[in-house]
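Notes follow once the structure below has been shown.
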Amino acid sequence: DGIPASGDRTLLTDRLRKRWGFDGLIVSDYDAVPQLQLQGVAASVADAVRIALHAGIDVDLHSGTYLEQLPALARAGKVPMAELDAAVRRVLEAKYRLGLFRDPFRYGSDRERAERAMSSPQHRKLAREAARESMVLLKNNGVLPLAKHGRIAVLGPLADERETLLGPMHALGKPDDVVSILSGIRAAVGTAAHVDYVQGVGVDGDDTSGIAAAVRAAKAADVAIVAVGESLAMIGESDSRTHLDLPGRQLDLVKAVVATGTPVVVLLVSGRPLAVPWLDQHVAAILDTWLPGDEGGHAVADLLFGKANPSGKLPMTFPYDVGQVPIYYAQRPTSRPLDIAHPEYTSHYTDAPNAPLYPFGYGLSYTQFRYGKVHLSSDHLAPGGKLTVRVRLTNSGQRRGTEVVQLYVHDVVASVSPAVRLLKGFQRVTLAPGESREVAFALTPEDLAFHRADMRLGTEPGKYQVFVGGDSTTTHGAHFMLDAGAGTGVPH
């Protein structure tokens with residue numbers, strides 16, 4: 008309500024500590040205390056320190072303003088000693104709980120030991136596995152997985168990039184330790200395939216002089232792998248973008264390569280959802296690699312050549328166009344939903360679909376999964392009860408694969424307009440070809456609690472819908488009634 012959190016006593020002391028019973032340590036965000044001046048609620052650094060300590064900030068992160076200002080403020084009586092003592096006591100108690108009085112260096116890091124551990128075989132193996140499981144296959148018309156023979160063109164400004172794959176704020180990560188996408192592909196195929204590499208264009212800028220060489224490489228290849236996306240300078244804190252399409256002339260590169268007729272696989276390297284409808288319509292396959300870290304190149308190759316099967320799912324919605332933003336799966340229903348047959352006077356775009364390019368929870372595999380009918384243990388959920396949701400999942404394809412089974416609920420009528428879907432559970436299930444398994448979820452009244460019109464956290468009796476499937480648009484479902492008294496309102 009216009010009060011910066013680091014200066015809000017009502018929030019940090021009255022609500023968090025007194026009302027909710029929090030007895031731990033409160034630390035400011037990076038330089039948040041002196042920034043109270045920039046936010047217009049403190050006239051000076053000293054004023055900012057006084058306001059922050061009174062609000063309940065125990066530790067000032069990074070700026071040093073507590074160290075500089077508190078002694079004089081305390082001597083002048085502008086900061087009550089009781090407030091200072093309380094903050095010091097909470098700091099000491101936190102150190103005691105952490106065991107630092109017994110062992111002051113208990114959590115201290117040995118940089119050399121940490122760097123050795125990071126490069127150990129077991130850590131590299133885990134990094135590779137984590138990268139594989141985070142990647143999301145967005146499209147595949149059958150070109151993937153690739154064969155490890157013939158001629159492969161590896162193109163794009165991010166194909167031989169290392170630092171961007173680490174992402175921002177990568178601590179002890181070193182670009183020299185990163186396996187680039189190009190290196191990963193070359194290591195995977197060895198001498199069985201010929202790999203041509205051409206950068207083509209930069210991530211940004213208007214230089215297109217390298218596209219001709221990329222086109223020649225694509226024409227001579229059996230498949231073209233194009234790595235495009237965002238540079239490190241575009242990703243992370245304070246690096247916002249007003250557009251979500253490919254920056255620079257990267258789309259021109261992809262269009263030129265697609266025009267050769269060679270099958271094109273696009274690898275997206277990015278820190279945010281990108282709006283890439285042209286790619287979705289024209290290329291053979293799209294794999295979102297995100298920022299995959301040290302073993303990123305090997306992980307990409309594992310998926311491209313079928314050593315591993317993609318299993319990642321989108322943790323956010325991908326818009327068709329930036330004009331759809333904010334767009335998210337848990338939106339509330341509109342009073343004028345789209346009617347395709349009679350779109351006039353309904354909520355819709357005249358130049359784009361209402362639906363996202365890729366929905367929340369979406370992700371493909373090299374195999375197929377079939378969901379059976381959703382079964383509920385009861386058509387009523389009583390106070391203190393539990394409802395079991397079951398569905399039979401079958402791997403109906405030809406490869407071993409992992410599906411992320413997702414459970415969504417929808418409150419049909421409530422005192423506050425309910426979200427169209429809310430994720431309430433998910434399970435990773437690995438199945439061999441032809442194998443089936445029953446997947447079960449448990450729902451309790453507490454899972455259905457929300458902040459009602461009376462601003463109390465609780466439930467309301469009525470009808471609920473349950474959906475189980477591979478993403479947030481699934482229609483496999485059932486319904487049940489939540490009985491009266493199943494949840495008590497809690498002040499919030």
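If you're matching positions, the sequence shown starts at 8 in the numbering used here and goes up one per residue. Think of the CB as a built atom: it goes at the ideal place given N, C-alpha and C, for glycine as much as any other residue.
Exposure label - residue i; buried when at least 16 CB within 10 Å
| i | result |
| --- | --- |
| residue 74 | exposed |
| residue 338 | exposed |
| residue 402 | buried |
| residue 39 | buried |
| residue 37 | exposed |
| residue 481 | buried |
| residue 304 | buried |
| residue 495 | Confidence at residue 495 is low in this model, with a pLDDT of 49, below 50, so its placement is unreliable and the value that follows should be read with caution. Result: exposed. |
| residue 374 | buried |
| residue 8 | exposed |
| residue 108 | exposed |
| residue 65 | buried |
| residue 112 | exposed |
| residue 45 | exposed |
| residue 110 | exposed |
| residue 395 | exposed |
| residue 105 | exposed |
| residue 497 | Here the model assigns residue 497 a pLDDT of 46, short of 50, so the residue's position is not dependable, and the following value carries that caveat. When all chains shown are included, residue 497 counts as exposed. |
| residue 288 | exposed |
| residue 346 | exposed |
| residue 78 | exposed |
| residue 357 | exposed |
Within 9 Å, strictly: CB atoms of residue i and residue j
| i | j | result |
| --- | --- | --- |
| residue 310 | residue 321 | no |
| residue 399 | residue 379 | yes |
| residue 41 | residue 52 | yes |
| residue 276 | residue 188 | yes |
| residue 418 | residue 457 | yes |
| residue 97 | residue 162 | no |
| residue 234 | residue 274 | yes |
| residue 366 | residue 336 | yes |
| residue 212 | residue 158 | no |
| residue 205 | residue 221 | yes |
| residue 196 | residue 202 | yes |
| residue 164 | residue 238 | yes |
| residue 431 | residue 416 | yes |
| residue 156 | residue 101 | no |
| residue 387 | residue 490 | yes |
| residue 292 | residue 464 | no |
Per DSSP, cross-strand counterpart(s) of residue i
| i | result |
| --- | --- |
| residue 470 | 488 |
| residue 39 | Answer by DSSP bridge pairing: none, since residue 39 is not bridged. |
| residue 430 | 415 |
| residue 476 | 413 |
| residue 465 | 457 |
| residue 445 | 399 |
| residue 437 | 409 |
| residue 450 | 394 |
| residue 325 | 365 |
| residue 34 | 66 |
| residue 200 | 157 |
Among the options, the one whose alpha carbon lies nearest that of residue i
| i | options | result |
| --- | --- | --- |
| residue 368 | 241, 428 and 385 | 428 |
| residue 436 | 12, 393, 93 and 377 | 377 |
| residue 14 | 43, 241, 251 and 313 | 43 |
| residue 249 | 85, 145 and 281 | 281 |
| residue 300 | 9, 244, 181 and 29 | 181 |
| residue 11 | 21, 34, 20 and 59 | 59 |
| residue 455 | 392, 264 and 209 | 392 |
| residue 223 | 260, 199 and 65 | 260 |
| residue 325 | 131, 315, 358 and 252 | 252 |
| residue 316 | 87, 446, 298 and 142 | 142 |
| residue 390 | 208, 416, 467 and 355 | 467 |
| residue 186 | 227, 207 and 138 | 138 |
| residue 383 | 130, 67 and 450 | 450 |
| residue 269 | 245, 289 and 231 | 231 |
| residue 62 | 479, 444 and 90 | 90 |
| residue 425 | 112, 145, 340 and 439 | 340 |
| residue 452 | 488, 441, 445 and 439 | 488 |
| residue 3 | 94, 28 and 77 | Outside the displayed range of the chain (8 to 499) lies residue 3, so it cannot be described from this structure. |
| residue 414 | 381, 388, 69 and 420 | 381 |
| residue 190 | 302, 254, 80 and 372 | 302 |
| residue 342 | 353, 334, 120 and 442 | 353 |
Check: residue i C-beta below 8 Å from any heavy atom of the ligand GTP
| i | result |
| --- | --- |
| residue 58 | By its list of ligands, the structure shown contains no ligand whatsoever, and the ligand GTP lies outside what it can speak to. |
Alpha helix (DSSP H) segments (min. 4 residues) lying fully within the segment 272-312: Taking only runs of at least 4 residues, the alpha helix (DSSP H) segments lying wholly in the segment 272-312 are 284-289 and 303-311.
Jot down the residue ranges of each uninterrupted beta strand (DSSP E) in the segment 363-426, minimum 3 residues, whole runs only, in chain order. The qualifying runs are 376-378, 394-402 and 408-418.
Residue ranges of each beta strand (DSSP E) run of no fewer than 3 residues wholly in the segment 203-265, ordered along the chain? Secondary structure in the segment 203-265: the beta strand (DSSP E) runs of 3 residues or longer, each lying completely within the stretch, are 230-236 in chain order.
Ordered list of beta strand (DSSP E) runs contained in the segment 126-179, each at least 3 residues: Segments of the beta strand (DSSP E) lying fully in the segment 126-179: 143-147 and 157-162.
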